[in-house]
Amino acid sequence: MSNSLVASLTPFKGKEDSFEFFVKQINDIARLEKWGEAKKILVLKLNLKDDALKFLVSNPKIEEISDFDSLVKKFKENFCKKPHFEQAQRQFNNLKQKVSQSISHLAEQVSSTTEKFSNPSNSKEENIVNLAEKLKLSKFIEALRSDIRVEVKKLGPKTFRSAVAIAKNIDNALSDDGGELNVTYSGINQILSQQLNTNKQILELSENVNAISSQNLCVNSLTEAPATTSNNVQSNQQTHCQENSLTNVYSETTDCDISESDKNKKEGFEQINNNFGEKVDVSEETFHALNVKIANSITVQPF
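143 is the number of the first residue of the sequence shown in the numbering used here; add one for each residue after it.
Shown next, in the form of C-alpha cells:
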C-alpha cells in the first residue's frame, strides 16, 4: 500500500507547482503509514525534479538537515516567495483545469494562488478571509472543465469546500476510470436527490406565492368599495320588494284570478245583499274592475 501511495505523489519541480500541496501529500501518507522523520525526508528528496532538485544539490548544508519541518522551511523560503501583485493577479486569472488534472490538485492550486493574490500578508481579519473564500469558490468553479462546471453550477454550492466535493462526485460520474479515490456512487445519488428536492421546494414556493397573490387580490377587491357594495345590495333589495309588491297587485287584476282574500270580499258583498235586500253587482267583471281601480289609486312608497 505504501509503494502505491508514494508512486502517486506528484514530483515538485520548483516552478509554478504548489509546494504546500506536495508537502501535504507527504504528511498525509506518513501519518497513514506511520513514517519517521528520516523516511519523510527521503521521500521528499526522491520526488524533487528540475529547479527543486538543483536547489537541493547546490546547497550541501540543506542536505545535512535531519528535521523534516526545517527542510520544508528552506524550500519555502526559496520557492514560495511572495510574488508581485501583477504576477499573482496574472496567475489567478489564468487558472484553468488542465487535461487529466485531478479535482484535488486544481482545488489546491486555486486555494494557494487565491491566497497569494487576495491575502498575501496572510491576514486573519474576517473581511479579508471571507473575501478570499468567496474568490476561491468563484474561481474554482470558473476553472473547472466545462462539462463539470455546468453540473456544479446547477447545484449552486455556497462554499469552496462543498464545491470541491460536488466536483469530485461529478468527475467520478463522467469519468470512464471511476474518477478520484474515495468517491462512491452513493455520493452521486445524494447530489441527484438534493437537486430533486431543491426543484420540489422551488415548485412548492412558487405555488405558495401564487396562492398568496390571489388572496391579496381578493382582499383588495373587497376593501376598495365596501360602501358601494352595501348600497347596491340595499338598492337591489328595495327594487326587488317594489317589484314584488307591484307584481302581486297587478297579477291579481290582470289574470282575473281571484285569490282567497278576494273571495272573502266577494262573499262579504253577497252577505250585504242578503242583509239589505238590495242587490249589489258582485259579478267577476265588476269585482275585477273594482280591483283595478284600487290598484291604480295605490302610490308605491319607496322603502
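Heads up, the beta-carbon is just placed ideally off N, CA and C, and yes, glycines get one too.
(request) Report all residues from its chain with a CB closer than 8 Å to the CB of Val-306; omit the five preceding and five following residues, and keep chain order. (result) Walking along the sequence shown from the start, residue 306 turns up at place 164. Closer than 8 Å at Cβ, skipping near neighbours: Ile-245, Ser-246, Ala-249, Phe-282.
(request) Return the CA-CA distance between Phe-221 and Asn-235, expressed in angstroms with no decimal places. (result) Position 79 of the sequence shown holds residue 221. Position 93 of the sequence shown holds residue 235. Roughly 21 Å separates the two Cα atoms.
(message) Closest to Arg-232 by C-alpha separation, out of Val-252, Ala-172, Phe-217, Leu-286, would be which residue?
(response) Sequence index remark: in the sequence shown, residue 232 carries index 90 (1-based). Closest by alpha carbon: Val-252.
(request) Please go through the same chain and pick out, in chain order, the residues whose beta-carbon is closer than 6 Å to the beta-carbon of Val-165, but skip the five residues on each side of it. (result) Your numbering for residue 165 matches position 23 in the sequence shown. In its chain, beyond the 5 residues on either side, Val-214 have a beta carbon closer than 6 Å to the beta carbon of Val-165.
(message) Just to confirm my understanding: we take Ser-208, look at its own chain, exclude 5 residues before and 5 after, and list those with CB closer than 6 Å. What are they?
(response) If you number the sequence shown from 1, residue 208 lands on position 66. Within the same chain, Ser-208 has no close Cβ partners at all.
(request) Examine the ligand SAM and report whether any of its heavy atoms sits within less than 6 Å of the Cβ of Lys-266. (result) What this structure holds is no ligand at all, so the ligand SAM is not there to describe.
(message) Starting from Val-271, trace the alpha helix (DSSP H) in both directions and tell me its first and last residue.
(response) To locate residue 271, count along the sequence shown from 1; it is residue 129. DSSP places Val-271 in the uninterrupted alpha helix (DSSP H) bounded by 268-285.
(message) What does the alpha-carbon distance come out to for the pair Gln-229 and Glu-257?
(response) Taking the first residue of the sequence shown as position 1, residue 229 is located at position 87. Taking the first residue of the sequence shown as position 1, residue 257 is located at position 115. Between Gln-229 and Glu-257, the C-alpha separation is close to 13 Å.
(message) Is it buried or exposed, Gly-298, if we count other Cβ atoms within 10 angstroms and call 16 or more buried?
(response) Locating residue 298 in the sequence shown gives position 156, where the first residue counts as 1. The residue is exposed, with fewer than 16 neighbouring Cβ atoms inside 10 Å.
(request) Please report how far the alpha carbon of Leu-286 lies from the alpha carbon of Ala-315, in whole angstroms. (result) As a working note, residue 286 is residue 144 in the sequence shown. As a working note, residue 315 is residue 173 in the sequence shown. Roughly 15 Å separates the two Cα atoms.
(request) Find the nearest neighbour of Asp-211 within the set Lys-155, Glu-267, Ile-168, Lys-342, judged by alpha-carbon distance. (result) On the sequence shown, residue 211 is found 69 positions in, with the first residue counted as 1. Of Lys-155, Glu-267, Ile-168, Lys-342, the residue nearest in Cα terms is Ile-168.
(message) On the criterion of 16 or more Cβ atoms from any shown chain inside 10 Å, does Gly-178 qualify as buried, or is it exposed?
(response) Counted from its first residue, the sequence shown places residue 178 at position 36. Gly-178 should be labelled exposed.
(message) Per the DSSP calculation, Leu-190 is bridged to which residue(s)?
(response) Reading the sequence shown from its first residue, position 48 is the one you call residue 190. Beta-bridge pairing links Leu-190 to Phe-154.
(message) Using a Cβ-Cβ cutoff of less than 6 Å, which residues in the same chain neighbour Asn-272 once the five nearest sequence positions on both sides are dropped?
(response) Position 130 of the sequence shown holds residue 272. Hits under 6 Å: none found.
(message) Taking CB distances under 7 Å as the criterion, tell me whether Phe-302 reaches chain B.
(response) Judged by its chain identifiers, the structure shown contains no chain B, having just a single protein chain.
(message) For a quick check, are the C-beta atoms of Ala-309 and Val-292 less than 7 Å apart?
(response) As a position in the sequence shown, residue 309 is number 167, starting the count at 1. As a position in the sequence shown, residue 292 is number 150, starting the count at 1. Cβ distance not < 7 Å, so Ala-309 and Val-292 don't count as in contact.
(message) I need the boundaries of the alpha helix (DSSP H) containing Ser-242, first residue and last residue.
(response) The residue given as residue 242 occupies position 100 in the sequence shown. Unbroken run through Ser-242: none, as it is neither H nor E.
(request) Whole angstroms is fine: what's the gap from Phe-163's alpha carbon to Ser-288's? (result) In the sequence shown, the residue the question calls residue 163 occupies position 21. In the sequence shown, the residue the question calls residue 288 occupies position 146. Taking the straight line from one Cα to the other gives about 24 Å.
(request) Output yes or no for whether 7 Å exceeds the beta carbon distance between Leu-195 and Ile-204. (result) Numbered from 1 along the sequence shown, position 53 holds the residue referred to as residue 195. Numbered from 1 along the sequence shown, position 62 holds the residue referred to as residue 204. Against a cut-off of 7 Å, the Cβ pair of Ile-204 and Leu-195 comes out as no contact.
(request) Under 8 Å by Cβ, that's how I've got Leu-190 and Pro-153 pegged, so tell me the actual separation to the nearest angstrom. (result) In the sequence shown, the residue the question calls residue 190 occupies position 48. In the sequence shown, the residue the question calls residue 153 occupies position 11. Contact flag correct, Cβ pair sits at about 7 Å.
(request) Return the chain-ordered list of same chain residues with a C-beta closer than 6 Å to the C-beta of Gln-239, the five sequence neighbours on each side being excluded. (result) The residue you call residue 239 lines up with position 97 of the sequence shown. Answer for Gln-239: Leu-248, Ala-285, Leu-286, Arg-287, listed in chain order.
(message) Nearest by alpha-carbon distance to Lys-218: which of Ser-317, Ser-160, Ala-180 is it?
(response) For the purposes of this step, residue 218 is taken as residue 76 along the sequence shown, with counting starting at 1. Taking only the C-alpha atoms, the option nearest Lys-218 is Ser-160.
(message) Counting C-beta neighbours from all protein chains within 10 Å, is the total for Ser-260 16 or more, i.e. buried, or is it exposed?
(response) The sequence position of residue 260 within the sequence shown is 118, counting from 1. By the Cβ neighbour-count rule, Ser-260 is buried, with 16 or more other Cβ atoms within 10 Å of its own.
(message) Comparing C-alpha positions only, which one of Lys-296, Lys-276, Asn-201 sits nearest to Phe-302?
(response) Residue mapping note: residue 302 aligns to position 160 of the sequence shown, counting from 1. Checking every option, the nearest Cα to that of Phe-302 belongs to Lys-276.
(request) State yes or no: is the C-beta of Ile-290 within less than 7 Å of the C-beta of Asp-313? (result) For this step, residue 290 is matched to residue 148 along the sequence shown. For this step, residue 313 is matched to residue 171 along the sequence shown. A contact, by the Cβ cut-off of 7 Å.
(request) Using 10 angstroms around the beta-carbon of Lys-278, count the other beta-carbons present and answer buried if the total reaches 16, otherwise exposed. (result) Residue numbering aside, residue 278 sits at position 136 when the sequence shown is read from its first letter. Taking all protein chains shown into account, Lys-278 has 16 or more neighbouring C-beta atoms within 10 Å of its C-beta and is therefore buried.
(request) Give the straight-line distance between the Cα atoms of Asn-352 and Lys-300, rounded to the nearest whole angstrom. (result) What you label residue 352 is simply residue 210 of the sequence shown in a count that begins at 1. What you label residue 300 is simply residue 158 of the sequence shown in a count that begins at 1. The alpha-carbon atoms of Asn-352 and Lys-300 are separated by roughly 28 Å.
(request) Count the other C-beta atoms from every protein chain shown that fall within 10 angstroms of the C-beta of Ser-150, then say buried if there are 16 or more, exposed otherwise. (result) Position 8 of the sequence shown holds residue 150. Exposed, by the Cβ-count rule.
(message) If distances are taken between C-alpha atoms only, which option among Asp-193, Val-148, Ile-183 comes closest to Ile-171?
(response) The residue given as residue 171 occupies position 29 in the sequence shown. Of Asp-193, Val-148, Ile-183, the residue nearest in Cα terms is Val-148.
(request) Report buried or exposed for Asn-350, applying the criterion of at least 16 other Cβ atoms within 10 angstroms of its Cβ. (result) Locating residue 350 in the sequence shown gives position 208, where the first residue counts as 1. The residue is exposed, with fewer than 16 neighbouring Cβ atoms inside 10 Å.
(message) Please tell me whether Lys-216 and Asp-192 are closer than 7 Å, where the distance is taken between their beta carbons.
(response) For the purposes of this step, residue 216 is taken as the residue at position 74 of the sequence shown. For the purposes of this step, residue 192 is taken as the residue at position 50 of the sequence shown. No. Outside cutoff.
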